[in-house]
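Residue numbers (this note's numbering), protein chains in the order written: chain X, 1 to 351; chain F, 1001 to 1351; chain U, 2001 to 2351; chain G, 3001 to 3351. Where a beta carbon is used, it is the ideal one built from N, C-alpha and C, also for glycine.
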């Protein structure tokens, strides 16, 4: 146990915070040494104040921890952040200034030009932004972010096609789970038997983040990918799992068979494949006519695999397809943990 | 009562058949005089064999009717057809040959070049195909069809924009209710907490029917509208109501404000506005940020109004919008009844 | 219009408040003349601050009303109250003191010994408590309450059996809709694909209110019915409609056939039958094996009819049955409006 | 691998059959050597005809198996049966006659006086009926059954109280998942936003099976427990998990604290505790006010643990409580597998 890297969790009582607790409780490299939450929770036992909603029991060791204030002095060399966006800016920067590596799921810093927006299977080189970040901000630590939940599935599902053929246009309509809005989040009177065709800021996030993640790194800056993205974001009565229907336009004609081959050939590059959270197959193609489905295909790769199906021609662009990702794992806590693993693998955090 | 036009219903025990019974029971022009169903039902009381699932009680008069075989000799000058597609061809043609006007919700004849695929607010002139139909097929009656449920909402929601600006491209992703699949239809294990990104034949229907309905009639033939349509059809856990997110490309730049004006200005033309089933506003624009929603906006215009919302620019085409229609009323039984009203208004069936 | 009785609504922006607006907008006797809500809403247009969620459009006349503070000086001779329980005591009493008749859906005063807890079809004589209330409290107005939503269906469904046979024991398990908790109310993460076997205070309300409502009035006091009630309250993923399974024990053996006869014979007594909100059949028996069902049988009697089904022997008590009621109509706004009608019919409020 | 006991699955393509495949694929004692299904499936690859709906991938080895006819000659010393009830009688008996041990989830033989209806934690001695079964029926094999899914949770949840205090009366109302009805099973139009207060035969099963399972074995016969059970069975919009609210009457006064102590003290007896499928705690008490909940507490003990909550006094009987069990694991496939393990542990099937 003592050989593990001590980590802390900010916003530990929320939905994503609980997922961090669950996923980190058994992690081979990391050990939770502090949990932080809001002022009014500080000083109390985690087990007493959390409204634990994960399907597995709250680990006894964590339940007994005293909740801390979110101050950089709390133990932990890596800090997983799931705090509210309106306070994340100040808090996360304070941790980075104090020498901590902040792995954040919060949106606040995602589009900062010197903060890497990481999907390790796609753009691990963006991590090199940390040098500029530390130099310009005079930080001994740093901040790395993972994408918004609906972006996470999209970029991973199309990255193999981007790498193989170059994508020029992405049309995407999402059908997103309610867990993406946290707890209490979406009222049941809005969710039951309904579709809500609006999620505040979501379409803009997908359109911007996708271009940054798929962009190129050179001379200490990211050049956005040149594609155009148009998103329609919808909330549906699903607990977990964002399903997205996508049309893609390429610079040249691409057949469904070519696309399937590229998707099936995709593997995490080099050392990324050996990270504990990287699934054997980051992208899987399901050839059944009516798959992927939100409820049935969610758990592949422990929630880190994106499933793609229905690859077929599009009347307007080149290809149509369907993709599914686990919004609270690949789209939130799992993604952040994989990013932290990358920080270790690349030597930013010593073992 | 005696002044009403006698009508019959084929497939009267199914989901759409029951909706016909409900909507026609109080109709000002029509009176149900016979109900027909499968061989094994014939000879029994309708009330004994139907598994009535409408929210209002089954009218006593209809409950007591003896179910007929679907033969042209049954009473009724207009025949509403909701029979299975695999037998609809032969049966509906037999009725038309025998001098009946068949108003069908079944897909079988929709794309026949001499059969009008009608949305009275959009293409009432297509009804003139009946002359050719009667001459070439040697029928004294005829067949008119209404569109597939997901097409019905789409074409009405975009028709005002087609008329005002000319549409070149339509990208549409649907989130369709389970009632569209009839009863028993979609298993609950497929629907609960799930999205099924596939509905057999649905995307093709939307792509073909839309172009026919929005096409032009001249010299006894329909010329399809020249637009390109790409559809992604999805089933969601909603009882009634097809919600569709749409991107549109026009021949010229169209602003959201222009589009909203055209949508709000849209009215049913001439005598169509006076049909009993035509709503005061066939298309309504809801300006609230998160509307229309499947559960809340479904009943406008007694289920015959299409609600449009979120009219905004599209990064790829010109405009994005959301539209909602009632799939078993505007998309099925209500549409057929409105078509029958048109037959009367235009003198094909005397009062 | 001028002949109608002016009424006000307290808590007009909430779920029940909106239902009041909807039901009263077309009421033959009442006319909404003021709407009141919280401090921060006062002074604004109702249409601007309400998040209208009824399926029918917000009436333009109401949308334009300026929201008032909940003070007795606002216009309206009858006041419909849907305000929060924690402030209802003081506010409702102030109105009654000022000469208004307060018809409340809030729980605060329900169990007060001098406040009638009314179901007009069952205990209209309890209204006579008003004399004592006015004398002892020195009020020129008064307060009448309707039961909690889950009690409302139960008491009406069993009242015919109580009157015919005398009930000694009631065992009831509820499956209640989320709308009973208002908006935002139950989080979708709690409701979707789930049952929550706990609703705070609900079981106690059912056990106490049932005995008061079915109790007898004499000498200006209510004597509770002597039955014992044991309730299990559960929340299920249903939008509207409380379904309850019930076992009943009587003082003597009662067969299902006798019970069905009593249920079917039940009618609203005397002048109650002529109130606008009283349904033709306050209780209907559905003899189909799998009915009533929450989604299909809810709208009977415009939501004021309780449907009873599956009347059969019980191994432990005498009879088992299932009953369904509309929780926001018969269990809230509709019940209060019917109570107000009773106040008019009995002369407390002049026409 | 070669040391494992070869087993076969009858009805392998259905919902329970698939669950057998999933749970047995990794079983430490058993190895699937044949899968059988209906006539029309025989001869085809399992992977080609099954509509696999488990969340984990279909094991490749099983996918490649050729589906057999359900004839006793197929390989496998233990036969797991999930075949249709109408053919189960003849088929299962043929297997038993041929020397196979049939572990059936089908209802057909459950109430036969010489067939043990087993819950290993409760009545392992009922297995001794096999001697009579083999002698009287002239079988070299035998049949053992597990209870209906709604009975399984009930009996396990109350068994500790029965053993400690003796139960005289059970009132139970169920809220059952749709997976209990198999696939396609419950139509989504029945399940969505609805409660169906009827499941054919379910209440009778609960009332009869409970008394047999909790009964005593002596002189080669079961004497039913003398309690009275009254059940109300309901279907709700939940995928997996039967939640049941229960009132219990004992021969003497039992406090909630006493009951909780008995529930928490309950352990599987002797060798039962060492069976691979027996959970560490067959019954767990959750003291949170609103638990257990269908979606959150289902997976305890790999779906074999029954969770009990809300132990409190009952106004009519002695105690009220809520219990939850996994209907397709503890209530079906998992229960059968545990029964097969018992057959091995007790030496009926050699290792």
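Item, Value
"State the Cα-Cα distance for the pair residue 2170(U) and residue 2315(U), rounded to the nearest angstrom.", "14 angstroms"
"Run the CB neighbour count on residue 3242(G), radius 10 Å, all protein chains shown included, and call it buried at 16 or more, exposed below.", "buried"
"Assuming the contact rule is C-beta atoms closer than 8 angstroms, residue 1198(F) and residue 310(X) should be a hit. Round their C-beta distance to whole Å, please.", "7 angstroms"
"Report the neighbours of residue 1232(F) on chain X: residues whose CB is nearer than 7 angstroms to its CB, in chain order.", "173, 245 and 320"
"Scan the region 2196 to 2215 of chain U for residues whose Cβ lies nearer than 7 angstroms to a Cβ of chain G and list them as they occur along the chain.", "2196, 2197, 2198 and 2207"
"Return the bridge partner residues of residue 312(X) from the DSSP annotation.", "320(X)"
"Measuring straight from C-alpha to C-alpha, what distance separates residue 3065(G) and residue 3037(G)?", "12 angstroms"
"Mind checking residue 3284(G): buried by the 16 CB within 10 Å criterion, or exposed?", "buried"
"Using a Cβ cut-off of 7 angstroms, pull out every chain F residue sitting near residue 382(X), in sequence order please.", "Chain X is shown only over 1 to 351; residue 382(X) falls outside these bounds and no answer can be derived."
"Look up residue 112(X) in the DSSP assignment and say whether it is helix, strand or coil.", "coil"
"Would you mind working out which of 2238(U), 2008(U) and 2254(U) sits nearest residue 2077(U), comparing C-alpha positions?", "2008(U)"
"Does any C-beta atom of chain A lie closer than 7 angstroms to the C-beta of residue 156(X)?", "Of the protein chains in this structure, namely X, F, U and G, none is chain A."
"In chain U, what lies closer than 7 angstroms to residue 3315(G) by C-beta?", "2207, 2228, 2229 and 2230"
"Just by C-beta distance, which residues in the region 2002 to 2014 of chain U are closer than 8 angstroms to chain X?", "none"
"Round the Cβ separation of residue 3180(G) and residue 3327(G) to the nearest angstrom and send it over; I've been treating them as touching at under 8 angstroms.", "5 angstroms"
"Do you know how far the Cα of residue 1141(F) is from the Cα of residue 3238(G)?", "50 angstroms"
"Hey, quick one: how far does the alpha helix (DSSP H) through residue 2212(U) stretch, first residue to last?", "2202 to 2213"
"Under DSSP, the beta strand (DSSP E) around residue 1249(F) begins and ends at which residues?", "1242 to 1250"
"Looking at the C-beta of residue 3185(G), does it have a partner C-beta in chain F at a distance below 7 angstroms?", "yes"
"What first and last residue would you give for the beta strand (DSSP E) that runs through residue 1104(F)?", "1101 to 1104"
"To the nearest angstrom, how far is the alpha carbon of residue 109(X) from that of residue 115(X)?", "7 angstroms"
"Residue 178(X) touches chain U at which residues, Cβ-Cβ below 9 angstroms?", "2187, 2188, 2189 and 2192"
"Is the region 126 to 143 of chain X touching the region 160 to 174 of chain X in the sense that three or more CB pairs, one from each, lie closer than 8 angstroms?", "no"
"As an exercise, report each continuous beta strand (DSSP E) stretch of at least 3 residues that is fully enclosed by the region 3164 to 3192 of chain G, in chain order.", "3167 to 3175"
"Can you give me the C-alpha to C-alpha distance between residue 3001(G) and residue 339(X), rounded to a whole angstrom?", "Only weak support exists for where residue 3001(G) lies, its pLDDT of 42 falling under 50; the value from the coordinates is given anyway. If you take the alpha carbons of residue 3001(G) and residue 339(X), they lie about 39 angstroms apart."
"Measure the alpha-carbon distance for residue 212(X) versus residue 177(X) and round it to whole angstroms.", "24 angstroms"
"For the beta strand (DSSP E) that residue 2142(U) lies in, which residues bound it at each end?", "2142 to 2145"
"As a quick exercise: from 2282(U), 2204(U) and 2334(U), pick the residue whose alpha carbon is nearest that of residue 3313(G).", "2204(U)"
"Tell whether a beta-carbon distance below 7 angstroms holds between residue 2172(U) and residue 2244(U).", "yes"
"Residue 3329(G): which of 3020(G), 3042(G), 3188(G) and 3351(G) sits nearest, CA to CA?", "3020(G)"
"Consult DSSP for residue 1293(F) and reduce its assignment to one of helix, strand or coil.", "coil"
"Are the region 2010 to 2026 of chain U and the region 2050 to 2069 of chain U touching by the rule of at least three beta carbon pairs closer than 8 angstroms?", "yes"
"Alpha carbon to alpha carbon, what distance is there between residue 3221(G) and residue 3113(G)?", "7 angstroms"
"Starting from the beta carbon of residue 3053(G), find every residue of chain X whose beta carbon is closer than 8 angstroms, and list them in chain order.", "296"
"Under the assumption that residue 2266(U) contacts residue 2126(U) (Cβ atoms under 8 angstroms), give the Cβ distance between them as a whole number of angstroms.", "18 angstroms between Cβ atoms; not a contact."
"Decide if residue 224(X) is buried, meaning its Cβ has at least 16 other Cβ atoms within 10 Å, or exposed.", "exposed"
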